[in-house]
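Beneath this line is the structure, given in structure tokens, with notes to follow.
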Amino acid sequence: MPRLSHEPGTGTTAQPCYGASMVKCNSRLALIATASCALMLGGCSDRGDYPSLARRPAEDVYANARAAQTPAAQPPGVSAGLTSKLAALLATARKAHESFVARQPAATRAVSAASGAAKGTEAWSVASVAVAGLESARSEVGLPLADLDRLEVEASNRVADGADADFKAVRETRAQVEALTTSESDVIDSLLGRLR
Numbered sequence: 001m002p003r004l005s006h007e008p009g010t011g012t013t014a015q016p017c018y019g020a021s022m023v024k025c026n027s028r029l030a031l032i033a034t035a036s037c038a039l040m041l042g043g044c045s046d047r048g049d050y051p052s053l054a055r056r057p058a059e060d061v062y063a064n065a066r067a068a069q070t071p072a073a074q075p076p077g078v079s080a081g082l083t084s085k086l087a088a089l090l091a092t093a094r095k096a097h098e099s100f101v102a103r104q105p106a107a108t109r110a111v112s113a114a115s116g117a118a119k120g121t122e123a124w125s126v127a128s129v130a131v132a133g134l135e136s137a138r139s140e141v142g143l144p145l146a147d148l149d150r151l152e153v154e155a156s157n158r159v160a161d162g163a164d165a166d167f168k169a170v171r172e173t174r175a176q177v178e179a180l181t182t183s184e185s186d187v188i189d190s191l192l193g194r195l196r
């Protein structure tokens, strides 16, 4: 017997007793019944005919043969082109250092001549200009350091991949250039100490 419902303004309407809720209930029952049958049938299968998963002698022979054939990976060398870049930067620094060394005797003589002279005198001014020339030559030696900084950052990014040859090469070149600037700074500091 159909159910009657009262909706405002429409009057009485008949609705069937098997609605959407009945369909949902039936589909759930069908799903549960299917899953139960699958589980019960899975328990009936034969378990004794499957092969063992243990390692077979042929697999051991194959694994040993592959291990013997694989050569050890050699660490990568310095990247192509980096050696020439580093050599050029070091050559630039050494050329600038030669200019510094060429100016050093004149600056040393000028500072010796100005020893004991008051600031602002002719001898003191000549010595100050000579030391300023040495400082200019030292800055030329330091210019390759900016390029070496950039190369060092790029090489340090490759270290994470296991390639540290570039990083070591850049650090070695940088150490040589820094040694030149340090020796020049020591000379300049000594001359300025005598000039004051």
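For the sequence shown, full-length UniProt numbering assigns the number 1 to the initial residue and increments by one for each residue that follows.
Think of the CB as a built atom: it goes at the ideal place given N, C-alpha and C, for glycine as much as any other residue.
At a Cβ-Cβ threshold of 9 Å, residue 196 and residue 112 do not count as neighbours. Taken atom to atom, the span from the alpha-carbon of residue 60 to that of residue 94 is near 60 Å. Annotation: residue 191 to residue 130 spans about 10 Å, alpha carbon to alpha carbon. In terms of Cα proximity to residue 170, the closest of 79, 186 and 183 is 79.
Rounded to the nearest whole angstrom, the CA to CA distance from residue 27 to residue 52 is 41 Å.
Spanning the alpha carbons of residue 132 and residue 104 requires a straight line of approximately 11 Å.
Annotation for residue 142: the continuous alpha helix (DSSP H) segment containing it runs 122 to 159.
Within 10 angstroms of the beta-carbon of residue 96 lie 16 or more other beta-carbons, which makes it buried. Distance from the CA of residue 119 to the CA of residue 125, rounded to the nearest whole angstrom, comes to 8 Å.
Taken through DSSP and simplified to helix, strand or coil, residue 60 comes out as helix.
DSSP places residue 53 outside any alpha helix (DSSP H), giving it a letter other than H or E. For residue 196, there is no enclosing alpha helix (DSSP H), since its DSSP letter is neither H nor E.
In the structure shown, residue 183 falls within a helical segment according to DSSP collapsed to helix, strand and coil. With 16 or more other CB atoms across the displayed protein chains lying within 10 angstroms of its CB, residue 188 is buried. Of all C-beta pairs linking the stretch 133 to 143 to the stretch 175 to 189, three or more are shorter than 8 Å, placing the two stretches in contact. Nearest to residue 179 by alpha-carbon distance, out of 151, 168, 145 and 153, is 145. DSSP, reduced to helix, strand and coil, places residue 85 within a helical segment of the structure shown.
For residue 119, the secondary structure class from DSSP, reduced to helix, strand or coil, is coil. Straight through space, the alpha carbons of residue 143 and residue 165 are spaced by roughly 24 Å.
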